[in-house]
Amino acid sequence: MRLQETGEKVDFLAVLDGLPAAAGQRGPGYTHDDPRVWPAIVEPVGHDPADPGSPLAGLGADGLTSLARVFADLSNLRGSYSSGVFDGEMLFFAATAGRAERTGSGLWSPYVSGDVELREIDCAHGAMTQPGPLREIGRIVAERLNELPQ
């Protein structure tokens, strides 16, 4: 959307389980040391920084503090920005594991002039970049890129 606003051509747009920003939806009002911040980070991502195998474990104390600050700041900015309209089609990958209802692709319709194609990935949101789901996503993206005019 921003690229198109600056005159760039965008031939392909894929979104991994993200939601559009809508003006007026207020953020949670986190402070940097709010005890709600870590559960809000860890729950959807599915990685506990205390787990030695977690990608978050390598951040160290300073990195984790910075992550919490950035998360709080970005969460609190919610509502101050609204997604523009993308002129084209979108390929939307939705993480479906643990969700009772499907969300996401329909929410993007007002922000995309063309079709929004839904591809469901059987994993949690935080696992979308794990090897199995990413292999499936990569295969689909590669197919789409190969279909684009050269």
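Here the sequence shown is numbered in numbering that gives the first Met the number 0, starting from 0 and rising by one per residue. Just so you know, even glycine gets a beta-carbon here, dropped at the ideal spot from N, CA and C.
Short Cβ contact (7 angstroms threshold) for residue i with residue j
i    : j   : result
H31  : R68 : yes
V115 : A13 : no
V111 : M89 : yes
F70  : I40 : yes
G26  : R98 : no
G113 : G87 : yes
Selection from the options that minimises the alpha carbon distance to residue i
i   : options               : result
L2  : F85, M127, L73, W37   : F85
D16 : I136, L147, E142      : I136
D33 : N75, N145, Q149, R138 : N75
Beta-bridge pairing of residue i - partner residues as DSSP gives them
i    : result
I40  : BP columns for I40 are empty, so no partner.
E187 : Since the first residue shown for the chain is 0 and the last is 149, residue 187 is missing from the structure and cannot be characterised.
L15  : F92
CA-to-CA distance, residue j to residue i, given in whole angstroms
i   : j    : result
V9  : L66  : 30 angstroms
G59 : A49  : 10 angstroms
G62 : P130 : 24 angstroms
Under 8 angstroms: do the region 73-93 and the region 119-134 share three or more Cβ pairs, one atom per stretch? yes
Is it a yes or a no for the region 5-20 touching the region 75-89, going by three-plus beta-carbon pairs under 8 angstroms? yes
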